[in-house]
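Peer 1: Below are the structure tokens for one structure; questions will follow.
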Amino acid sequence: MHVLLIHPNYHSGGAEIAGNWPPAWVAYLAGALKTAGYDRVTFLDAMTNHLDDDQLRAKMIELAPDVVGVTAITPSIYKAEQVLEVAREVVPEALRVLGGVHATFMYKQVLSEAPQVDVIVRGEGEEIFVNLIRAVDEGRYLQDRRQIHGLAFRAGDEIVATKAATTVKDVDGIDADWSILEWSKYIYVPLGVRVAIPNMARGCPFTCSFCSQWKFWRDYRVRDPRKVVDEIEKLVNDHQVGFFILADEEPTINKAKFTEFCHELIARGLPDRVKWGINTRVTDIMRDKDLLGLWRKAGLVHVSLGTEAAAQMKLDLFNKETKVGNNKEAIRLLREADIFTEAQFIVGLDNETAETLEETYQMAWDWQPDLANWSMYTPWPFTPLFQELGDKVEVFDFSKYNFVTPIMKPEAMERGELLDRVMNNYRRFYMKKALFHYPWRGTGFRRRYLLGCLKAFLRAGFQRTFYDLGKVGYWGPQTRKKVNFHFDKSREIAPAQMEDWTAVHDRKIAAAERKKAVKAQLAEERAAKVMACGGGTEQM
Ligand code: B12
Ligand code: SF4
37 MHVLLIHPNY HSGGAEIAGN WPPAWVAYLA GALKTAGYDR VTFLDAMTNH
87 LDDDQLRAKM IELAPDVVGV TAITPSIYKA EQVLEVAREV VPEALRVLGG
137 VHATFMYKQV LSEAPQVDVI VRGEGEEIFV NLIRAVDEGR YLQDRRQIHG
187 LAFRAGDEIV ATKAATTVKD VDGIDADWSI LEWSKYIYVP LGVRVAIPNM
237 ARGCPFTCSF CSQWKFWRDY RVRDPRKVVD EIEKLVNDHQ VGFFILADEE
287 PTINKAKFTE FCHELIARGL PDRVKWGINT RVTDIMRDKD LLGLWRKAGL
337 VHVSLGTEAA AQMKLDLFNK ETKVGNNKEA IRLLREADIF TEAQFIVGLD
387 NETAETLEET YQMAWDWQPD LANWSMYTPW PFTPLFQELG DKVEVFDFSK
437 YNFVTPIMKP EAMERGELLD RVMNNYRRFY MKKALFHYPW RGTGFRRRYL
487 LGCLKAFLRA GFQRTFYDLG KVGYWGPQTR KKVNFHFDKS REIAPAQMED
537 WTAVHDRKIA AAERKKAVKA QLAEERAAKV MACGGGTEQM
């Protein structure tokens with residue numbers, strides 16, 4: 037049984053500017069397959085190697101796999117579908133599998149628009165994929181597929197979704213196989229070292245309305261920190277990894293486990309050999325302010341904070357359960373602990389104005405994080421906020437759902453102006469930082485790291501890959517009226533997907549009505565409560 041995994045060749049100038057990142061999904065799936073006895077797994081990183089269809093064609097013919105598995109987040113979905121189209125053409129006998137967050141929620145859309153996709157794995161891949169591969173290997177896939185949890189496929193005209201699989205409960209049984217990657221390719225530009233993305237915790241206990249991740253991983257689970265450190269030690273020893281970020285949505289909420297993780301790294305002398313970064317929440321920084329020194333000692337040098345929105349109003353809308361005032365304080369605390377801070381702003385909702393964008397800049401400058409990012413609000417089609425926005429979402433070309441393209445048009449400005457104002461924020465922030473802060477602040481590692489980040493930004497700026505500026509034709513404020521985001525207007529929501537949403541919406545309304553009725557009934561009962569004396573409320 038030969039399984040070929042492919043990461044599609046999709047690029048959008050955002051996080052990529054920091055280097056070539058290794059695909060963690062491949063390591064985790066290859067590990068699960070190996071543990072189950074399937075060790076003939078090959079990986080093609082079409083993204084990092086910029087492989088075009090012809091190159092993929094040639095590779096697939098050469099490898100002749102039994103199964104082709106491709107991943108997709110929302111923006112890379114069409115590229116992923118294209119990879120499977122190539123597979124259908126040149127290795128038609130191979131089973132064509134798609135996994136990842138987009139297909140998990142949008143399986144009706146995908147199966148409607150891309151008949152070349154044989155089967156979708158919905159949710160975490162480790163267990164579902166092994167069950168699927170086992171069925172294929174034993175020649176019973178077609179007859180058993182309705183019994184395998186977590187799949188979606190077409191059967192004639194019908195789109196079938198099997199029972200949802202449970203999340204991976206035995207997270208300590210997860211054993212990634214990172215040896216499948218071609219390590220010389222994965223370099224983190226700011227430090228010039230190899231980079232990895234291990235995963236300690238899955239899920240997020242919060243429910244921010246703009247985010248798809250809590251829905252994907254469902255329950256929050258943390259692996260045994262010692263096992264995660266085993267994995268990291270191996271990455272350092274076997275593959276000379278010098279920097280990692282935790283793939284986790286929320287690595288710090290479980291204070292005890294995160295503290296144990298830090299102690300374990302220190303006990304094994306790893307902080308001298310590997311530095312790392314995380315994404316986390318302002319509230320955790322405030323809670324753990326006394327532990328920030330320990331975090332830094334454990335090698336944590338970079339914290340990306342979901343400060344998310346400058347205005348409290350926006351925070352409330354996003355359901356972020358945090359307060360604007362805390363952001364400044366969290367950044368100060370991290371700076372004091374000598375940890376780099378990256379503040380993330382989400383801009384570009386329909387109520388964005390020139391003033392609110394200016395406000396985010398003023399706040400970024402006031403808070404003084406080392407790095408600041410302005411991401412375009414992207415309405416993941418499976419999030420609560422998307423449902424709320426309804427008709428306001430006009431673009432269904434998912435390839436542009438990438439944090440750098442304005443999907444929403446603010447009422448007060450054109451998309452080109454929004455991009456220009458965001459660029460203006462970047463220009464002002466980084467110009468001042470580059471001139472007055474980075475070269476002069478701190479010594480040794482801190483200075484080297486900051487200048488490394490600046491180098492990554494400048495490189496992307498020169499290559500015009502940052503924010504896809506080259507692709508959209510943005511050359512500065514004078515071109516803001518001419519930028520072209522090249523939205524594919526022929527892209528629409530498939531009727532089957534629409535029906536699914538409507539059904540969910542109806543279920544939600546029905547559930548809300550039920551809740552309201554139960555509440556009213558309870559209130560009535562309470563009001564009509566029998567009094568101690570035996571009478572009702574109307575007694576004297
Ligand atoms: C690391 C990371 C990156 C790395 C990518 C590294 C790489 N080569 O894969 C970098 C920094 C380059 C990056 C860039 C971008 N990213 Co990113 N990134 C992440 C992050 C932090 C972790 C992803 C990860 O590795 N998770 C761990 C692995 C194990 O999980 P997984 O990939 O979901 O895989 C599991 C399942 O999905 C499933 N599965 C996945 N694929 C397959 C395939 C098969 C065949 C099967 C069976 C199963 C399966 O099984 C796996 C194991 O359980 C997530 C946020 C998060 N915390 O998850 C955002 C995230 C994935 N990124 C996101 C986005 C939007 C982007 C960018 C577009 C942003 C930008 N403009 O820069 C680009 C796109 C780059 C690209 N070309 O794909 C979004 C996607 C949202 C969405 N709904 O689509 C996320 C979720 C962030 C967010 N907050 O919304 N990113
Ligand atoms: S934005 Fe962050 S904190 Fe909010 S639900 Fe998503 S992962 Fe959790």
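Numbering-wise (the working numbering), the sequence shown opens with residue 37 and increments by one.
Beta carbons are placed, not taken as given, at the ideal position from N, Cα and C, and that holds for glycine.
Keep in mind that this is a model prediction, so the values were computed, not measured.
#1: Closer than 7 Å by C-beta to residue 269: which residues in its own chain qualify, once you throw out the five before and the five after it? Chain order, please.
#2: From the DSSP output, in three-state form, read off residue 315 for me.
#3: Write down the C-beta distance between residue 233 and residue 79 rounded to the nearest angstrom, noting that I regard them as a contact closer than 8 Å.
#4: Contact between the segment 84-91 and the segment 519-537: three or more CB pairs below 8 Å?
#5: Examine the Cβ distances between the segment 277-293 and the segment 232-246 and report whether three or more of them are shorter than 8 Å.
#6: Taking only the alpha-carbon atoms, compute the straight-line gap between residue 250 and residue 418 and give it to the nearest angstrom.
#7: Could you round the C-beta distance between residue 147 and residue 195 to whole angstroms and report it? I think they count as a contact, below 8 Å.
#8: Can you list, in chain order, the stretches of the alpha helix (DSSP H) that have 4 or more residues and sit fully within the segment 360-429?
#9: Can you list every residue whose CB sits closer than 5 Å to some heavy atom of the ligand FAD, going in chain order?
#10: Taking just the CA atoms, how far does residue 364 sit from residue 346?
#11: Please classify residue 76 as buried or exposed, where buried requires at least 16 neighbouring CB atoms within 10 angstroms.
#12: Kindly indicate which residue of 437, 172, 332, 335 has the alpha-carbon position closest to the one of residue 524.
#13: Based on the DSSP output, what are the partners of residue 339 in its beta bridges?
#14: Give the single residue among 313, 172, 272, 433 whose Cα lies nearest to the Cα of residue 333.
#15: Quick check on residue 222: does DSSP put it in helix, strand or coil?
#16: Would you kindly report the start and end of the unbroken alpha helix (DSSP H) that includes residue 163?
#17: Please tell me whether residue 164 and residue 157 are closer than 7 Å, where the distance is taken between their beta carbons.
#18: Out of 37, 58, 124, 50, which one is the CA nearest neighbour of residue 43?
#19: Would you check whether the ligand B12 has a heavy atom nearer than 6 Å to the C-beta of residue 492?
#20: Is residue 376 near residue 402, with beta carbons less than 7 Å apart?
#21: Counting only runs that start and end within the segment 183-220, where is the beta strand (DSSP E) found for 3 or more residues in a row?
#22: Would you say the beta carbon of residue 42 comes nearer than 6 Å to a heavy atom of the ligand B12?
#23: What are the boundary residues of the alpha helix (DSSP H) that includes residue 135?
#24: If the criterion is Cβ atoms closer than 7 Å, does the pair residue 400 and residue 465 meet it?
#25: Do residue 133 and residue 161 count as a contact pair if the criterion is CB distance below 7 Å?
#26: Going by the CB atoms, is the gap between residue 120 and residue 172 shorter than 7 Å?
#27: Near residue 123, which residues of its chain fall below 7 Å by C-beta distance, leaving aside the five closest residues on each side in sequence?
#28: Using the three-state DSSP reduction, which class does residue 295 fall into: helix, strand or coil?
#29: According to DSSP, is residue 38 part of a helix, a strand, or is it coil?
#30: Assuming residue 325 contacts residue 279 under a Cβ cut-off of 8 Å, what Cβ separation, rounded to an integer in Å, is found between them?
#31: Is it the case that the Cβ atoms of residue 223 and residue 478 are separated by a distance below 7 Å?
#32: Measuring only the C-alpha atoms, how far is residue 210 from residue 275?
#33: Can the beta-carbon of residue 113 be found closer than 7 Å to that of residue 137?
#34: If we call anything under 7 Å between Cβ atoms a contact, is residue 226 one with residue 492?
Peer 2: According to the structure shown:
#1: 304, 306
#2: strand
#3: Incorrect: roughly 15 Å between the Cβ atoms, too far for contact.
#4: no
#5: yes
#6: 11 Å
#7: 5 Å
#8: 360-372, 390-403, 420-425
#9: Only the ligand B12 and the ligand SF4 can be found as ligands here, which leaves the ligand FAD out of the picture.
#10: In this prediction, residue 346 has a pLDDT of 42, which is less than 50 and means its spatial position is unreliable; nothing more can be read from the coordinates.
#11: exposed
#12: 437
#13: 314, 377
#14: 313
#15: coil
#16: 161-173
#17: yes
#18: 58
#19: no
#20: no
#21: 187-191, 194-197
#22: no
#23: Segment 131-135 is the beta strand (DSSP E) holding residue 135; no alpha helix (DSSP H) there.
#24: yes
#25: no
#26: no
#27: 96, 104, 130, 132
#28: helix
#29: coil
#30: That pair is no contact at about 25 Å.
#31: no
#32: 19 Å
#33: no
#34: yes
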